[in-house]
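Residue numbers (the numbering used here), protein chains in the order written: chain A, 542 to 643; chain B, 13 to 657; chain C, 2 to 504. Glycine included, each C-beta is placed from N, C-alpha and C at the ideal position.
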Amino acid sequence: MNNIPIEYYLILSALMFAVGITGVLIRRNAIVVFMSIELMLNSANLSLVTFSSYLGNSIGQIFVFFVMTVAAAEAAVGLAIIIAIFRNKLNVNIDEINIFKW
Amino acid sequence: MVNYIYLTVLFPLAGFLINGIFGNRIKNEKIIGIIGSGAVGLSFLVSLFSFFQLLGMPAEERSVIVNLFSWLNIGALHINFGYLVDPLSIVMSLIVTGVGFLIHVYAIGYMHGDKGFFRFFAYLNLFIFAMMNLILGDNFVVLFLGWEGVGLCSYLLIGFWYDRKFEKGTVSQAAKKAFVVNRIGDFGFLLGMFLIFMTFDSLNFQDVFAKAASFPVSETTFSFIALFLFIGATGKSAQIPLFVWLPDAMAGPTPVSALIHAATMVTAGVYMVSRTAIIFASAPVIMTVVAVVGLLTAFFAASMGLVQNDIKKVLAYSTVSQLGYMFLAAGVGAFSASIFHVMTHAFFKALLFLGAGSVIHSMHEEQNIQHYGNLKKYMPRTYITFLLAALAISGFPGFSGFFSKDEILWNAFAKGNFVFWLIGALTAVMTAFYMFRLVSLTFFGKERFGHEHHPHESPAVMTVPLMILGVLSVIGGYIGIPAIFSGENGNKFEEFLKPVYENAERKMVTYGTHTHFEEILLMALSVAFALTAIYFAYVIYTRRQEIAEKTSAKFKGLYTVLFNKYYIDEIYEASVVKPIQTVSEKFLWKIADNKIIDGVVNGTGILIEKSSNVIRKLQTGIAQFYAVVMMVGIAVVLFWIILSL
Amino acid sequence: MDVSNIIESLKLIKPEIAVSASLILVLIFDLIFHKDKKLIPYVALLGLFATGYFVIHQFGTTGFGFATKSTFKAFGMVTVDSFGTFFKLLILISAVLVLFFSSFSDEIKKTTDRLGEYYVLIFGMILGMFLMVSATDFLLIYLSMELLSLSSYVLAGFTKLRDRNSEASLKYVIYGSVSSGLMLFGISIIYGLTGSTNLYVINSLIQSPQINVLALSFALILVMAGMGFKISAAPFHFWTPDVYEGSPITITAFLSVASKAAGFGLLIRFIKTGFAAMTLNNGYWMLNPIFDWKLIIVILAILTMTLGNFSALWQNNLKRMLAYSSIAHAGYLLLGLAVFSNQGIAAILIYFFVYMLMNLGAFLIVMLIADKLGSEDVDDYDGLGYTSPFLGISLAVFLVSLTGLPPTAGFIGKLYIFSALIDAKMFVVAVIGVLNSVVSLYYYIRVLKHMYLVKPKIQPVEIIPGLSQKFLVLLLVVPVLFFGIYFSPIVELAKNCVVLLGF
């Protein structure tokens, strides 16, 4: 930790975040979109842990545990819904899910 | 009991809700009628107990404010929903609930079999509810609420038989006329209220009146306030120039005419002027205006009543004329005399209308008095009570109308001038004449109806209220016997109301004293006039009808003018309605409205619709697009923050 | 953090404990009586009433709960004050009403075998919302929002009858997860800048000049985007119409009122405790000048209500129209926040109370009609006003109230919002708000036009609601009219509840 400056962690975290967002915005497959969302959450986790270690207090690490739990729950709910949709439509392309519009 | 005065408002409200919501399911007329009239009867009892409790208090404490809740609290405006119980409001509420109760009972018989029976009673109760708010409200806002409420009920009840024809148009048109004319008056009243709030920073009666009595406010301001309030009063109380709606209001069922357009609602204007006496007293010019308008209305309406053939129309003009008397009294500063006349008038005019209703009922909706005659044979109870009421309104000595009318005429002379008295007395003569023309043509003389009519006496549920009102019309005046007859006790009615007008009295100029001799002389004169008129009317219209015909032939011009009500409706039509219509049609509608306003409005509308059609397309239905917009939104805000750093 | 501290703190979260207990109770009941699910609604109702008891008891109680040692002792995870309690009461009342809605709804009746899960998830939402309105620590803010979100994701697609539900659910999940991801990233930055997740501590720390304002603003925007998602403020509102249209009506109604209330409670508390330096004597807040708070909120508000109102104009589906209308209402509510004063907060509280009554009422009528008609399309409402006078008049009352015309309670809500604006000399904003109300009149009245003036092509169905349904409708109509005339009780209650523990 001491050898690697904090900026590196943060830049990595920001890059992960950007990749996550890009994934959400451009990928068609709902499962990939969910993976991208996980990436966003993990980038936040990374920066939380970094700050926690840098500042020397444990709040950030505690936070990360909660975030991981929530992310798991979110993925579970998301996958369940994707399955429900897959049963009806036989694909999970996000841009085809647009009954509701205007 | 005074503290429970809100019950007088709640009972009719409950009656309205029960009959209005469940009425068409109850179906039983008896139950609906009992609920409707019972609610008003209970209100009357509450008023009566409150009245006695008030009597038991020392005179200067007879003003109780019952605060229900704090209603509006926005900025400087603090309005409590509160009721004010003082001699003036308690007298009015006794009149409204008492006479109202009798009319409700009467209506059970009169409206029997009507398909809107429950609706009728619901409306009547709603009316009493609104009227009680008007009377009891302790601030202008509650008063205004009641004021609009009674206007609404009046509209609903005039148009009750909305599918029937009325004269040249329909009943709905008559209702609409009443509504529109009333709106003009209401607008004046609203202006008056705003001006009061601007001047005194309050709309509460106590605050406003206390400040009006002590604040250094210019007479001009007072004059404007009083003028606006009076415009409001002319609308509601059918005075010149806004009286035209009242004759048309006769399109409503007769109990409505009796309750709303004779005994109670039309006196709201008188009540309001009387309530704001201090403001009027501070504006002597407007006082004169009030007196003159009242006098002219009394005179002209009475002259129109001379030649009408519709029994309800005669009574309608008579009502306008009597209301004119009340304003005459208020205008010369005799506020308690005007309220006294409100009371006696409520008795005998309600009776006259109900009697007329009884006649109409038995003659199968025939309202032309030329087609009646000798009805006393068939309907003795209606005849006797009607006669009593006619004597009362004509000022026959000893009857209630005699005392109140005499009080007004005397005050018109004592506090006004001789011309006031003279025109007032002439009006009284005309009143006696047209009333007995009506009585003679209806109850005496030859039968002028066909064989298809079988007149019969009305059922007890209708005649009993008639009899009670008959008794009241006779003895109702004794509580206000002038001092010259009752000795040192003075006028009890005036004594009771005195605390309400104390401040106003102080503001008004005191007049020179007059002798008892003058009072008795004038009284004797007016009585002699009235008796003569009664005699002539009786003779002409029972035995020598040719005199009437010859006279009307001789003065054909005058007769036509009178018969056509001075062409007032036509003049309004030509001078106000037509120009407004023409301007509206030619300019406002075709150019201003169609081209400019519609153009702008439709343009805006189309613009909004078009742009909304574009905006809603943003909602593409694709979740990723939503996320893009969200990111863009965040980016824009961030960019803007960086720029502003 | 010692044990006595925890026990003391537990006393502050009695309502939340009651909700959790009810949740578990419903779950157990569902497991035991899995054949006959009739009892479950009653158990749920009982749980809500028990919670209601504790909520009402909490009025007047103030305190900080669950303080960690590393921070100032006095400040904790949760803050109990009458502001939060007001929102809890609001959430609870709407939950009770939605419970009744659910017992009438045909959609829910078709899923009887999963009724237990339905109520469990509703309790999950309630717990999340309760914690949201009292959370003063980012950890709890995040967790409570996620609890609410996860429960509502599932409920939005609960009936699984058509792709419609799943679509609503999926859109909700994606949008919700993205915004919670953004919010979390923002939280991590704020944590990095201040070293704390507690709002009170953050408030005292960010007043120091060393804080990097740009980074802080960036983080704040991200966090507020997450909250904006919950209250469906533009441009974070896009999920609202789709999710509202696709969800069962009961859930739509609940989301549109309770979830929005919780979001507002959280947002207001977040701004007040986190960034208000002090409250002036005249009730206005001195906000930390990180950026121009007022301008941002005003622009958001105007954008929100304009987008909501304009998009609603063309809607034929009543549920969707009400969804847009609820966005517009969020805009009016944001106007109340933009004043940044106690007066504005009081206006928001009044508005929310009124909004709860009228919006739930409108949804209830739409639900009752949809159950019989099988349609939420405004074209199918032709002539309904005559064949079903009771529902017609009630819907008319609710729509007039939503427009904000007297003598309904909706007028009072708008009146107080706009008078707060005028008091703050924000005249232009007030005018824009009023103009927006005028636009909204168009689409509300359009429904009435269809009900009363358009000649139906086919003989419209006569819909006669049952006695209990009628009673429920009256329970909402009467207050809407009553509070339109006699509103001082709500005004007084709201004025007593503006006090937030904070600076």
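C-beta contact flag for residue i and residue j at 7 angstroms
i	j	result
residue 354(B)	residue 279(B)	yes
residue 222(C)	residue 646(B)	yes
residue 429(B)	residue 344(B)	no
residue 144(B)	residue 21(B)	yes
residue 76(B)	residue 117(B)	no
residue 337(C)	residue 329(C)	no
residue 515(B)	residue 290(B)	yes
residue 403(C)	residue 443(C)	no
residue 151(C)	residue 614(A)	yes
residue 489(B)	residue 356(B)	yes
residue 385(B)	residue 458(B)	yes
Backbone secondary structure at residue i - three-state DSSP
i	result
residue 607(B)	helix
residue 388(B)	helix
residue 138(C)	strand
residue 3(C)	coil
residue 249(B)	coil
residue 31(B)	helix
residue 530(C)	The structure shown has nothing for residue 530(C), since chain C only spans 2 to 504.
residue 586(A)	helix
residue 1(C)	Because chain C here runs from 2 to 504, residue 1(C) falls outside it and cannot be looked at.
residue 322(B)	strand
CB contact below 7 angstroms: residue i versus chain A
i	result
residue 645(B)	no
residue 179(C)	yes
residue 186(C)	yes
residue 8(C)	no
residue 201(C)	no
residue 654(B)	no
residue 193(C)	yes
residue 198(C)	yes
residue 648(B)	no
residue 73(C)	Model confidence at residue 73(C) stands at a pLDDT of 48, short of 50, so the residue's coordinates are unreliable; what they give is reported in the following sentence. Answer no: the Cβ-Cβ gap between residue 73(C) and chain A never drops below 7 angstroms.
Chain C contact for residue i (CB, 7 angstroms cutoff)
i	result
residue 552(A)	no
residue 618(B)	no
residue 557(A)	no
residue 615(A)	yes
residue 588(A)	yes
C-beta neighbour in chain B for residue i, strict 7 angstroms
i	result
residue 607(A)	no
residue 641(A)	yes
residue 314(C)	yes
residue 245(C)	no
residue 12(C)	no
residue 172(C)	yes
residue 572(A)	no
Residues that DSSP places opposite residue i in a beta bridge
i	result
residue 285(C)	342(C)
residue 515(C)	Outside the shown range of chain C (2 to 504) lies residue 515(C), about which nothing can therefore be said.
residue 177(B)	182(B)
residue 91(B)	84(B)
residue 298(C)	For residue 298(C), which the question treats as bridged, DSSP gives no partner whatsoever.
Proximity to residue i [Cα-Cα], best of the options
i	options	result
residue 155(C)	572(A), 568(A), 604(A), 616(A)	616(A)
residue 9(B)	339(B), 409(B), 33(B)	Examination of residue 9(B) is not possible in this model, given that chain B is present from 13 through 657 alone.
residue 564(A)	643(A), 589(A), 635(A), 640(A)	635(A)
residue 52(C)	19(C), 42(C), 120(C), 100(C)	19(C)
residue 25(B)	564(B), 102(B), 133(B), 552(B)	133(B)
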